[in-house]
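See below for the structure under consideration.
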Amino acid sequence: MDLGIAGQVAVITGGARGLGAATAQSLANEGAFIAVWDRDEPSAHALVREIEAAGGRALAVVREVASSDEVAAGVAQVVAAFGRIDILVNNAGFSHLGPVAEMTDAQWASVVGVHLTGAFNMARAVVPTMKAQRYGRIVNMSSLASMGADGMACYATVKAGLQGLTRALAVELGAHGITVNAVAPSLIRTERLRASPVFERLNALSLRGQAIQRDGLPEDVANAIAFFASACSGFVTGEVMFVTGGIRQLW
Ligand SMILES: NC(=O)c1ccc[n+]([C@@H]2O[C@H](COP(=O)([O-])OP(=O)(O)OC[C@H]3O[C@@H](n4cnc5c(N)ncnc54)[C@H](O)[C@@H]3O)[C@@H](O)[C@H]2O)c1
1019 MDLGIAGQVA
1029 VITGGARGLG
1039 AATAQSLANE
1049 GAFIAVWDRD
1059 EPSAHALVRE
1069 IEAAGGRALA
1079 VVREVASSDE
1089 VAAGVAQVVA
1099 AFGRIDILVN
1109 NAGFSHLGPV
1119 AEMTDAQWAS
1129 VVGVHLTGAF
1139 NMARAVVPTM
1149 KAQRYGRIVN
1159 MSSLASMGAD
1169 GMACYATVKA
1179 GLQGLTRALA
1189 VELGAHGITV
1199 NAVAPSLIRT
1209 ERLRASPVFE
1219 RLNALSLRGQ
1229 AIQRDGLPED
1239 VANAIAFFAS
1249 ACSGFVTGEV
1259 MFVTGGIRQL
1269 W
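Start counting the sequence shown at 1019; every next residue gets the next number (this note's numbering).
See the structure below:
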């Protein structure tokens, strides 16, 4: 299937590593120009070099999504370089795990800042360009943890909040040719998670509940995002696609 995104411009926050990097590679392989938006400068530049070495076009945007000033400047940088923005993937994120009574104000604020304020800042900044084009695709990164998970009060809250933002923006922006959807993965075998001391235990638990008996891989998530980011998904908006190997269906 031709995704119809060759020559389109995709901004991927948290695009330098993990699921964001897998998505950047996948959209670049389809001919999209990629803004690798990440606060990790060396990793963002390294991925840009990789995409360019494979014959693609990419730009590193080293900015903090939680800051509205940084976001406005970064979006202006992308428009100056590529002239348009067709696709926004709100993927940047991290979490602080632990019991709610032990969570500090700063931890709570930083998680809300990157996921919720970050996605809001990015959407607000790109929507005028997408409206002028009468075309846009926004994909938000939620999580299976949005259903509730032990030690993840803040993370579950923001990931559920992103689903609300997805549905509200879908209603508001549909008339302008802009679709807004979300993906909600379970545990995915990224470099960062593989390095975690609890990964193998969580992965075993996850496998026990999955219909599909293999690990979730970054490309599984990138493929789901690619569909929502494509021209082929124009009649689909306000949806959340769970990418979990069938875990949710077994609860
Ligand atoms: N890996 C999983 O199992 C999994 C499952 C469900 C959802 N997710 C979500 O997917 C997204 C990516 O996760 P990942 O596992 O690839 O993480 P990762 O740590 O490998 O990559 C995240 C990237 O985001 C960047 N980033 C973080 N905060 C930022 C900020 N404020 N501004 C700009 N860049 C920032 C980091 O520098 C990093 O490059 C996150 O939103 C995460 O919550 C991950």
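Ideal Cβ positions, reconstructed from N, Cα and C, are used throughout, including at glycine.
- With 16 or more other Cβ atoms from the protein chains shown falling within 10 Å of its own Cβ, D1104 counts as buried.
- When DSSP states are grouped into helix, strand and coil, R1152 belongs to the coil group.
- In this structure the region 1194–1211 lies against the region 1255–1263, because at least three pairs of beta carbons, one per stretch, are closer than 8 Å.
- Distances between the C-beta of R1057 and the heavy atoms of ligand 1 include at least one below 8 Å.
- Out of A1137, A1071, V1097 and P1060, the CA that lies nearest to the CA of A1053 is found in V1097.
- Within the chosen limit of 8 Å, ligand 1 reaches the beta carbon of T1031 through at least one heavy atom.
- Given a length threshold of 4 residues, each whole run of the alpha helix (DSSP H) inside the region 1071–1140 is given here in chain order: 1086–1100 and 1123–1130.
- Here DSSP, grouped into helix, strand and coil, assigns A1040 to helix.
- For P1203, the enclosing beta strand (DSSP E) stretches over residues I1196 to P1203.
- Using a cutoff of 8 Å, the CB of L1037 counts as near ligand 1, since one of the ligand's heavy atoms is closer than that.
- Closest option to L1134, judged by alpha-carbon separation, among M1165, V1176, G1101 and S1164: V1176.
- For N1158, DSSP records a beta bridge to N1108 and A1200.
- In this chain, the beta strand (DSSP E) harbouring F1260 covers V1258 to V1261.
- Closest by C-alpha distance to V1027, out of Y1153, R1226, N1158 and S1251, is Y1153.
- Rounded to whole angstroms, the gap between the alpha carbons of V1132 and R1142 is 15 Å.
- Within 8 Å of the C-beta of E1209 there is at least one heavy atom belonging to ligand 1.
- For F1051, the secondary structure class from DSSP, reduced to helix, strand or coil, is strand.
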